[in-house]
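Heads up, the thing below is written out as structure tokens.
Chains as they are written, first to last, in this note's numbering: chain Z, 1 to 170; chain X, 1001 to 1193.
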């Protein structure tokens, strides 16, 4: 069984942490695993209208969404094409966002400020910031590894999506 | 140093991207129903605005201006922003696939967020040095994130309040947003010149 296989959670559990919900579609079933592809949302949260307003735009080609596929234990007997609601822990999401975006950004800006203070040249500052970004990404990798080892990055099955249900960002 | 601090305060509070320049309103209304998602969106947007503004500064000063291609600015900036978003996505995927899967579930597209393009165009207007442009972009996006989080907190409270049916949902959201804009107007008393 792959390392990042996520068991479904009991939605009736009152102790379950506050979850941020998203829609995913079952794209394949292999053995007891269902492979899910998250549905692309838009920055305005208007998923239902995204096909009409063009907000779906760049970077949402089917091939790109393939990269986002993730496995889940298929205890609910999901079939290909079915849409489900998955959830991620709100606190874990904050940690993940901080790890992915804040760490590289802070290191990059810190390196840039230092370079500007020492050298005072735009060219040197630019090069130093790019180097800082690379170091920051390595630090983010280390942080993500720690989060992953604690199992905090696992999306959970919540329920089957209703007919016509869109964009449950709440 | 004082010049940079004033530049950042001005960009984040006095000329706030959302409440003073009215950019990024779609995500302001769409992704602020919860504080968690607002912070996540704010962090992602901060990263993208900062990185794309750095890239746009380079493109403007080493390509568009020397070759007299200023008329292609908007199209070029959109391409650079799209590239920055894809770069971010690819990098997160390479850095940590589980992290990418998790963020991929909720993270909305930022490519179409007009605040990203707006900040890049403001940098050109301001004729700034590289470090000033980067700090301006970073502070602008911090201001964007701050307002997103404040508004999300207010909406979480509103969800528990008894709002008249006619005003429930977006109408009361817009009223609160206007009050928030008035509150931010108070920062215009700070001189950043």
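C-beta: ideal position from N, C-alpha, C; glycine also.
Check: What number of angstroms, rounded off, separates the C-alpha of residue 1030 of chain X from the C-alpha of residue 1148 of chain X?; Outcome: 10 Å
Check: Kindly confirm or deny that the stretch 144–154 of chain Z and the stretch 78–86 of chain Z touch, where touching means at least three C-beta pairs closer than 8 Å.; Outcome: no
Check: Just to confirm my understanding: we take residue 104 of chain Z, look at its own chain, exclude 5 residues before and 5 after, and list those with CB closer than 6 Å. What are they?; Outcome: 133, 136, 137 and 140
Check: With distances taken from CA atoms, which of Z/77, Z/88, Z/39 and Z/144 is nearest residue 1095 of chain X?; Outcome: Z/144
Check: Does the Cβ of residue 52 of chain Z have 16 or more other Cβ atoms within 10 Å, making it buried, or fewer, making it exposed?; Outcome: With a pLDDT of 48 at residue 52 of chain Z, under the threshold of 50, the predicted position of this residue should be treated as unreliable, and no value is reported.
Check: As an exercise, report each continuous alpha helix (DSSP H) stretch of at least 4 residues that is fully enclosed by the stretch 1051–1122 of chain X, in chain order.; Outcome: 1073–1095 and 1097–1106
Check: I want to know whether the stretch 1114–1133 of chain X touches the stretch 1048–1060 of chain X - three or more CB-CB distances under 8 Å.; Outcome: yes
Check: Are residue 1046 of chain X and residue 1145 of chain X close, meaning C-beta to C-beta below 7 Å?; Outcome: yes
Check: Considering only residues of the same chain and omitting the five flanking positions on each side of residue 147 of chain Z, which have a CB-CB separation below 8 Å?; Outcome: 92, 95, 96, 99 and 153
Check: Applying a beta-carbon distance threshold of less than 8 Å, which residues of chain Z neighbour residue 1039 of chain X?; Outcome: 94 and 97
Check: Can you give me the C-alpha to C-alpha distance between residue 1093 of chain X and residue 70 of chain Z, rounded to a whole angstrom?; Outcome: 12 Å
Check: Just list the residues that DSSP pairs residue 30 of chain Z with in beta bridges.; Outcome: Z/33
Check: Contact criterion: CB-CB distance below 7 Å. Does residue 1091 of chain X meet it with respect to chain Z?; Outcome: yes
Check: If we define contact as Cβ-Cβ less than 7 Å, is residue 1099 of chain X a contact residue for chain Z?; Outcome: yes
Check: Between the stretch 137–153 of chain Z and chain X, which residues of the former have a C-beta closer than 9 Å to a C-beta of the latter?; Outcome: 137, 138, 140, 141, 143, 144, 145, 147, 148, 152 and 153
Check: Give the straight-line distance between the Cα atoms of residue 158 of chain Z and residue 1115 of chain X, rounded to the nearest whole angstrom.; Outcome: 34 Å
Check: Quick one: is residue 1174 of chain X buried, meaning 16 or more other Cβ sit within 10 Å of its Cβ, or exposed?; Outcome: exposed
Check: Taking its Cβ as the centre, do 16 or more other Cβ atoms sit within 10 Å of residue 18 of chain Z, making it buried, or is it exposed?; Outcome: exposed
Check: Would the stretch 1137–1144 of chain X count as touching the stretch 1008–1024 of chain X if we require 3 or more Cβ pairs under 8 Å?; Outcome: yes
Check: At least one CB of chain Z closer than 7 Å to the CB of residue 1119 of chain X: is that the case?; Outcome: no
Check: Going by CA-CA distance only, name the one from X/1133, X/1161 and X/1162 that's closest to residue 1005 of chain X.; Outcome: X/1133
Check: Alpha carbons only, please: which of X/1179, X/1016, X/1188 and X/1048 is nearest the one belonging to residue 1081 of chain X?; Outcome: X/1048
Check: Quick one: is residue 1101 of chain X buried, meaning 16 or more other Cβ sit within 10 Å of its Cβ, or exposed?; Outcome: buried
Check: Going along chain X in order, which residues have a C-beta closer than 7 Å to the C-beta of residue 102 of chain Z?; Outcome: 1043
Check: Per DSSP, what kind of secondary structure is residue 24 of chain Z in: helix, strand or coil?; Outcome: strand
Check: Return no unless some Cβ of chain X is closer than 7 Å to the Cβ of residue 58 of chain Z.; Outcome: At residue 58 of chain Z the pLDDT is 45, less than 50, meaning the model places this residue with poor confidence and gives no usable figure here.
Check: Cβ of residue 1103 of chain X less than 7 Å from any chain Z Cβ?; Outcome: yes
Check: Would you list the one or two residues that DSSP bridges to residue 38 of chain Z?; Outcome: Z/24
Check: Could you tell me which residues DSSP puts in a beta bridge with residue 83 of chain Z?; Outcome: Z/25
Check: In the DSSP output, which residue or residues are listed as bridge partners for residue 157 of chain Z?; Outcome: Z/86
Check: Is the Cβ of residue 122 of chain Z closer than 7 Å to any Cβ of chain X?; Outcome: yes
Check: Would you say residue 1017 of chain X faces chain Z, with C-beta separation under 7 Å as the test?; Outcome: no
Check: Assuming residue 20 of chain Z contacts residue 85 of chain Z under a Cβ cut-off of 8 Å, what Cβ separation, rounded to an integer in Å, is found between them?; Outcome: Incorrect: roughly 11 Å between the Cβ atoms, too far for contact.
Check: Any C-beta of chain X sitting closer than 7 Å to the C-beta of residue 128 of chain Z?; Outcome: no
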